[in-house]
Amino acid sequence: FLAQQLPEVRSRLDVAENKLNAFRQDKDSVDLPLEAKAVLDSMVNIDAQLNELTFKEAEISKLYTKVHPAYRTLLEKRQALEDEKAKLNGRVTAMPKTQQEIVRLTRDVESGQQVYMQLLNKEQELKITEASTVGDVRIVDPAITQPGVLKPKKVLIILGAIILGLMLSIVGVLLRSLFNRGIESPQVLEEHGISVYASIPLSEWQKARDSVKTIKGIKRYKQSQLLAVGNPTDLAIEAIR
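Going by UniProt numbering, 172 is the number at position 172 of the sequence shown; the sequence numbering is gapless.
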């Protein structure tokens, strides 16, 4: 964009300079009084500020809407400059015709010079920014593509899930048995001041009676029988008596 604008601005500036030189030659090098020169300087300064605001608005419009405080501040500043510019134009209109023309032509030249210099500065800033940005970028490693299609390995995932489930189950059982051991001997009750009136042993006869036998790969369970009927002389029955 700036590269396109610079030749156009330079061309308009050349035309303005030629018109000013032709007018001075025609009017025999007209000089401005101090008051007119002060008005001219103020107008050129306002034109430069308005042009700078145009650049800022182009940047800020990419970030905010016109209702944003930053954007509204910019618009208010532009309006204030436009109002001041209108007052200065009124003062120029009150001048003699020759002074009006010399002020207008001189303003076109000086404002054109300001705009041209601002565009040159912006172009240099962009070139420096681009150079510094490109200089910081380098390829660390080239991109490598896999020859085949990557897909999840279902067998490994299932085996891993099974192993993890078994490990968690074992840990859970161990923790449960560790924190909930129950009463393992009469001494535990006596240590807590609880009297033990009898101790009934486990019947080995009943244990053997209820054991499981495997015949040709098939589990066979013996028919259970009451201990008092099947073996009335067992130690467990005697302890109950």
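Just so you know, even glycine gets a beta-carbon here, dropped at the ideal spot from N, CA and C.
Next on the checklist: I want to know whether the segment 76-96 touches the segment 4-11 - three or more CB-CB distances under 8 Å.
Outcome noted: The way I'd put it, the segment 76-96 doesn't touch the segment 4-11; fewer than three beta-carbon pairs between them come closer than 8 Å.
Next on the checklist: What does the alpha-carbon distance come out to for the pair ILE163 and LEU175?
Outcome noted: Distance from the CA of ILE163 to the CA of LEU175, rounded to the nearest whole angstrom, comes to 18 Å.
Item to check | At least 3 beta-carbon pairs within less than 8 Å: the segment 115-129 vs the segment 61-74 | outcome: Cβ pair count under 8 Å is below three, so no.
Checklist entry - In chain order, what residues of the same chain have a beta carbon less than 6 Å from the beta carbon of GLN114, not counting five sequence neighbours either side? => result For GLN114, where only same-chain residues beyond five positions count, the Cβ hits under 6 Å are ALA48.
Checklist entry - Do ALA236 and SER199 have their CB atoms nearer than 8 Å? => result No, these two residues do not count as a Cβ contact at 8 Å.
Checklist entry - Buried or exposed: which applies to ARG107, given that a residue is buried once 16 or more other Cβ atoms fall within 10 Å of its Cβ? => result Around the CB of ARG107, 16 or more other CB atoms lie within 10 Å, so the residue is classed as buried.
Item to check | Under 8 Å between C-beta atoms of LEU81 and ILE60 | outcome: Cβ distance not < 8 Å, so LEU81 and ILE60 don't count as in contact.
Item to check | Beta-carbon proximity of GLU110 to VAL15, cut-off 8 Å | outcome: The Cβ atoms of GLU110 and VAL15 lie no closer than 8 Å to each other.
Item to check | Backbone CA spacing between LEU32 and GLU84 [nearest angstrom] | outcome: C-alpha separation (whole angstroms): 21 Å.
Checklist entry - If you count every other CB in all the chains shown that lies within 10 Å of the CB of GLY112, and 16 or more means buried, which is it? => result By the 10 Å Cβ count, GLY112 comes out buried.
Item to check | Own chain, CB closer than 6 Å to ASP41, minus 5 neighbours either side, in chain order | outcome: The beta carbon of ASP41 sits closer than 6 Å to none of the beta carbons in its chain outside the five residues before and after it.
Item to check | Expected contact under 8 Å - CB spacing of ASN51 and GLN99 to nearest Å | outcome: Between ASN51 and GLN99, the beta carbon gap of about 25 Å keeps them out of contact (Cβ cut-off 8 Å).
Checklist entry - Tell me which same chain residues have a C-beta within less than 6 Å of the C-beta of SER195, skipping the five on either side of it? => result Closer than 6 Å at the Cβ level, and outside the excluded window around SER195, lies no residue.
Item to check | 8 Å CB neighbourhood of LEU88 in its chain, flanking five on each side removed | outcome: Non-local C-beta neighbours of LEU88 in its own chain, meaning closer than 8 Å and more than five positions away in sequence, comprise VAL39, SER42, MET43, ILE46, ordered along the chain.
Item to check | Inter-residue Cα distance where the pair is GLU204 and ASP234 | outcome: Between the alpha carbons of GLU204 and ASP234 lies a distance of about 9 Å.
Next on the checklist: If I measure Cβ to Cβ from TYR197 and keep anything under 6 Å in the same chain, skipping five residues before and after, which residues do I get?
Outcome noted: So no residue of the chain qualifies.
Checklist entry - When DSSP labels each residue in this structure, what does VAL67 get in the three-state scheme? => result VAL67 falls in the coil class under three-state DSSP.
Checklist entry - Just checking my contact of TYR116 with LEU20 at CB under 8 Å: how many whole Å lie between their CB atoms? => result About 15 Å; that fails the 8 Å criterion.
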